[in-house]
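Student: There's a structure below that I have some questions on.
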Amino acid sequence: MSEAPLSFHSPGRVNLIGDHTDYTGGLVLPMAIDRYTTIRGNRTKNSVRLRSENESEIVEFDLPISSPEKISPIWGRYVAGVAAEMQNLALGFDGEVSCTIPIGAGLSSSAALEVATALALGDTSTPVERAKLCQRAEFRGVGVPCGIMDQLAVTSGIRDHALVIDCHELTISPVQLPNDIKI
Numbered sequence: 779m780s781e782a783p784l785s786f787h788s789p790g791r792v793n794l795i796g797d798h799t800d801y802t803g804g805l806v807l808p809m810a811i812d813r814y815t816t817i818r819g820n821r822t823k824n825s826v827r828l829r830s831e832n833e834s835e836i837v838e839f840d841l842p843i844s845s846p847e848k849i850s851p852i853w854g855r856y857v858a859g860v861a862a863e864m865q866n867l868a869l870g871f872d873g874e875v876s877c878t879i880p881i882g883a884g885l886s887s888s889a890a891l892e893v894a895t896a897l898a899l900g901d902t903s904t905p906v907e908r909a910k911l912c913q914r915a916e917f918r919g920v921g922v923p924c925g926i927m928d929q930l931a932v933t934s935g936i937r938d939h940a941l942v943i944d945c946h947e948l949t950i951s952p953v954q955l956p957n958d959i960k961i
C-alpha cells in the first residue's frame, strides 16, 4: 500500500508600505494573500524530482547538492538553492508543484516556492529561520541578492492581518485589518 501524498502550501504576499526598505533594514508592512504555491508528493531517499503545472520541464537532482545555480530549468534553481542551504538535512521528495500566484506580478511567487520547498524537504525551523534560509537560497540558486521581506511575509502571514516587520531586528508584529477592509 502506498503512502498518502504529503502537501505543503505557502502563500504569496502584497506589500502595503515600505517597498525595497527591507534591503536597508527598514520597516515594511506586507501581508499574505489567498494565492498559494503547493507542493504535493512523497518523500524519497536521496533525490528531488518535481513537475510543475505551469512549466513543461521537470526539476531533478540528487542530494546533497552543491551547485544549485547549474540546475535546469531556471525555476528549479530556487528548489535546488533551498536543498543546498539545508545541506544534509534535506529529505528527498518526488512530487508536483502548483501555483495560483501570478508569476512575475510582484506577489512573491519565488519566495512562496522556496518556502513550500523547504517544508517539503523537511525543514522544521522557526518561521524567521526558514525565511533566512530561503533568502540565502534565492541568492545561492538564482543569484538574486533579495531582501528578507518576501520570505518573512510568506512564512509568518496571518489571515486578515498585515505584518509590521522590522527587517533589521527581524521582528514581526501582526496588525489586524478592520473587518470592512479587504485586500
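Counted from 1, the sequence shown has number 809 at position 31 by our numbering; the numbering is strictly sequential.
For glycine and all other residues, C-beta sits at the position ideal for the given N, C-alpha and C.
Owing to the predicted nature of the structure, the values given are computational and were not obtained by experimental measurement.
Just verifying my parser: in three-state terms, what is the DSSP assignment at residue 816?
Tutor: Of the three classes helix, strand and coil, the one that applies to residue 816 here is strand, per DSSP.
Student: Give me the Cα-Cα distance between residue 902 and residue 785, rounded to the nearest whole angstrom.
Tutor: Going from the Cα of residue 902 to the Cα of residue 785 covers about 15 Å.
Student: Under 8 Å by Cβ, that's how I've got residue 932 and residue 890 pegged, so tell me the actual separation to the nearest angstrom.
Tutor: With 8 Å as the limit, residue 932 and residue 890 qualify as a contact, their Cβ atoms being about 5 Å apart.
Student: Give me the Cα-Cα distance between residue 799 and residue 878, rounded to the nearest whole angstrom.
Tutor: Taking the straight line from one Cα to the other gives about 27 Å.
Student: Does the separation of the CB atoms of residue 842 and residue 866 fall below 9 Å?
Tutor: Yes, Cβ-Cβ distance for residue 842 and residue 866 is below 9 Å.
Student: Taking only runs that begin and end inside the segment 895 to 944, name each unbroken alpha helix (DSSP H) of 4 or more residues, in chain order.
Tutor: Here the runs fully enclosed are 905 to 920 and 927 to 934.
Student: Touching or not, the segment 829 to 841 and the segment 944 to 957, by the rule of three or more beta carbon pairs under 8 Å?
Tutor: Output reads no: the segment 944 to 957 does not touch the segment 829 to 841.
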